[in-house]
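Structure, as structure tokens:
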Amino acid sequence: MYTFILVHGSWHDGRAWEGVQKHLEGAGHKTFAPTLAGHGPDADRSVTMKDVTRSLVDYIIEKDLNDFVLVAHSFAGFPISLTAEQIPDRIRRLVYFSAFIPFDGCIMMDDVAPENRQLFRDLAKQSKDNTIPVDYNFWREMLINDADGDTAQKYFEYLTPEPIQPLEDKIELKTFNTLPLPKSYLLATDDMAIAQGTEYWWHPRHSSRLGFYRFLSTPGSHELMFSNPEGLAKMIVAAGRD
Amino acid sequence: MYTFILVHGSWHDGRAWEGVQKHLEGAGHKTFAPTLAGHGPDADRSVTMKDVTRSLVDYIIEKDLNDFVLVAHSFAGFPISLTAEQIPDRIRRLVYFSAFIPFDGCIMMDDVAPENRQLFRDLAKQSKDNTIPVDYNFWREMLINDADGDTAQKYFEYLTPEPIQPLEDKIELKTFNTLPLPKSYLLATDDMAIAQGTEYWWHPRHSSRLGFYRFLSTPGSHELMFSNPEGLAKMIVAAGRD
Amino acid sequence: MYTFILVHGSWHDGRAWEGVQKHLEGAGHKTFAPTLAGHGPDADRSVTMKDVTRSLVDYIIEKDLNDFVLVAHSFAGFPISLTAEQIPDRIRRLVYFSAFIPFDGCIMMDDVAPENRQLFRDLAKQSKDNTIPVDYNFWREMLINDADGDTAQKYFEYLTPEPIQPLEDKIELKTFNTLPLPKSYLLATDDMAIAQGTEYWWHPRHSSRLGFYRFLSTPGSHELMFSNPEGLAKMIVAAGRD
């Protein structure tokens, strides 16, 4: 049995993992699903990547969590990697699920395909609080493409605007590549959050940045936690176990 | 519940969808499976892409069908796209299953890999009626690679020679890209009708021509309607639903 | 019902197929799983690719086997292709499972990615008998990535050091491409024995060398015979049947 800390992606908060947590705990595992700074309803959205990361580190230290598998979805690939540099000894393994992988000096937005990069910046400028909203059509067709319509509509209500600043922050990552931490990359084969067949897709662009890592794939979309939480729970165990 | 118009590919006719129709109707959907002009046993094979398309438009208008999901297999990606320009208001969504996607000024044969292009032209020249025959070996290994031998042999009997002219016709497509029609692309991961790992493969060459679209994949070959009709029926619903 | 000769890859011997054999024989097929020269516990490891191939040919002739499906895993793609040149009339079909495909004048090591090529040569030099050992971490993360930890540990005990000489031998292959032998390539989609997303990956680099062939894929790792022997047995039938 393992302890999993599940870290949500953009537009999401800790509620994203409800279904996955139910299945993981049903199988005897312990789970935690913190909400990152700047995310969730009513959050102050004027945050940087440092703030986002600090909120995760603080959560772990406050609860004095140890020997856990730290799981990132999408955007969370950056804050969990930065967290790994700060508290490596507490972590058993890092699992990246269709996640961005940082390197020293990078900016997440450079990993977003040019057409979306421009769109996201335009949307943030038009917003009142420098955030990127997500519309239903993009959510339904590009993010949760494998779900039925009712599921897509139900979880659209969980989304909140994403602060753009963390995506624009330059990353400092000094020891990550030499940490003696096992790493896994889990890919959903129908993921279209980044267009397949382009150099920007998750695999091998992001996965290969991990160097030596365990690779696993699963059918499904970027939002597998909603369209098939049981399936994702099983794959998180397969990716996270020793 | 939805209405599906299922449009067959090369060498096929409406009978190709028998198994899929059974499963879709068993789940409460309505289905139609017209045979395109120039296709099926005893058809006059001297047809153009315009004739093929007109036969589909006429079928829809005669039956006065509306609010349907229009599904194309392979070759049918061209005639359904041309049909969408002519009667867009009748269509709820376009679904392309391992299908060719046209653009203004294109010729389908340019999307066939050079070695098959030459082979198809040679075969048509050797034929009496300007058609491309398909031999059992190509059918069994390249098209229905996932089926057992009995299934491969049974449905080989359904095949008829494909008129080459529609593959050589230059396409006029003026409004397709700006039609407010939802589109889905469904890919079979073991499809070898076009060689995988080459620039000619379906995805992203054809899929990405749709611009904004829903992507889904499924295990199986180009002839999933025969090797796993139940599985294909489910994926057609997943691709076609709102 | 078919007869399958299952030929193991590097670091393995005939025991690798125990689970697959159980399922194939349970379904009524006949199976054989020879150990190649230079492989298995206590073998003399000073062998060449010619020795390895001769041991397979001798096994088949001694047992007077005919009309069998000859299945290769990984490394065995070379010896079964060389065997096919020597005794083509005895073979019903060749099946390559995540296997190296040779061509005239090639050297297997040239198909190994540069970083592993250097590593393998360094390891062999450091060894007493010119062999490449495999460590648990590489086995667990890169080879048997889809298994649970107990399975990974259990079958690690089956591994023995791989003689490097056969990987360095230049291949003579004169009639292979024109033999009238049906061929299939079976790919495991989570196979990381060769890094995915690089030109070195199995498909289409190796598969396409077969020219006209049946392609099939399956979920799983390079070591599917241990992580899911029942699934691999089914796929070997699907790849090997007429």
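Chain order of the listed sequences is A, Y and U.
Taken in order, the first sequence gives residues 4 to 245; the numbers are from our numbering.
Taken in order, the second sequence gives residues 4 to 245; the numbers are from our numbering.
Taken in order, the third sequence gives residues 4 to 245; the numbers are from our numbering.
We put the beta carbon where it would ideally sit given N, CA and C, even for glycine.
Quantities reported herein were computed from a predicted structural model and do not represent experimental measurements.
Would you say residue i and residue j are within 8 Å of each other, going by their C-beta atoms?
i      : j      : result
A/V115 : A/V10  : no
A/L146 : A/S211 : no
A/L39  : A/L68  : no
U/A23  : U/A236 : Note that residue 23 of chain U is Val in the sequence shown, not Ala. In this structure, U/A236 lies closer than 8 Å to U/V23 by Cβ.
A/K48  : A/P166 : According to the sequence displayed, residue 48 of chain A carries Arg and not Lys. Going by C-beta atoms, A/R48 is nearer than 8 Å to A/P166.
A/A102 : A/L184 : no
Y/F218 : A/M195 : yes
U/Y158 : U/Y188 : no
U/N119 : U/A127 : no
Y/L190 : Y/H206 : yes
A/I8   : A/I63  : yes
Y/V50  : Y/Q129 : no
U/M4   : U/H42  : no
Give the DSSP-derived three-state secondary structure of residue i in the structure shown.
i      : result
Y/L97  : strand
A/I135 : strand
U/R217 : strand
Y/L2   : One cannot answer for residue 2 of chain Y here, as it falls past the ends of chain Y, which runs 4 to 245.
Y/T51  : coil
U/I110 : strand
A/A102 : coil
U/Y203 : coil
U/K186 : strand
Y/H26  : helix
U/K157 : helix
A/W14  : coil
A/K66  : coil
A/E118 : helix
U/R244 : coil
U/G152 : helix
A/T178 : coil
Using CA coordinates, which residue listed in the options is at the minimum distance from residue i?
i      : options                       : result
U/N180 : U/D153, U/T192, U/G214        : U/G214
Y/M228 : Y/H15, Y/M4, Y/Y5             : Y/H15
U/D245 : U/S77, U/A36, U/S230, U/R95   : U/R95
A/D113 : A/G12, A/L170, A/G17, A/L27   : A/L170
U/I110 : U/R93, U/M52, U/D70           : U/M52
U/A19  : U/G41, U/H76, U/L59           : U/H76
U/F100 : U/D149, U/H209, U/R120        : U/H209
U/Q161 : U/Y188, U/P44, U/I83, U/I239  : Looking at the sequence provided, one finds Tyr at residue 161 of chain U rather than Gln. Closest option to U/Y161, Cα to Cα, is U/P44.
Y/A30  : Y/T6, Y/S13, Y/S49            : Y/T6
Y/P37  : Y/D47, Y/V55, Y/V50           : Y/V55
Y/W142 : Y/T163, Y/K128, Y/Q129        : Y/T163
A/N231 : A/S13, A/G17, A/H26, A/I8     : A/H26
Y/A241 : A/W205, A/D193, A/L176, A/L97 : A/D193
A/F78  : A/I197, A/Y216, A/E233        : A/I197
Y/E175 : Y/V98, Y/N133, Y/A155, Y/L85  : Y/L85
Y/F35  : Y/A191, Y/G41, Y/G17          : Y/G17
A/D151 : Y/E28, Y/G243, Y/E233         : Y/G243
Y/W204 : Y/D172, Y/P117, Y/V98, Y/P82  : Y/P117
U/R93  : U/E144, U/D61, U/D153, U/K173 : U/D61
U/D172 : U/N148, U/D70, U/P82          : U/P82
U/L97  : U/D70, U/F123, U/D153         : U/D70
Here's the rule: buried if 16 or more other CB atoms are within 10 angstroms of the residue's CB, otherwise exposed. What is residue i?
i      : result
A/Q199 : buried
U/F106 : exposed
Y/Y139 : exposed
A/K131 : exposed
A/T178 : exposed
A/D125 : exposed
U/G80  : buried
Y/P222 : buried
A/E65  : exposed
A/T201 : exposed
U/K186 : buried
Y/G12  : buried
U/G108 : exposed
Y/A226 : Rather than Ala, the amino acid found at residue 226 of chain Y in this sequence is Glu. That one is buried.
Y/D153 : exposed
Could you tell me which residues DSSP pairs with residue i in its beta bridges?
i      : result
A/P166 : A/T134
Y/I8   : Y/F35, Y/L73
Y/A191 : Y/T221
Y/K173 : Y/I110
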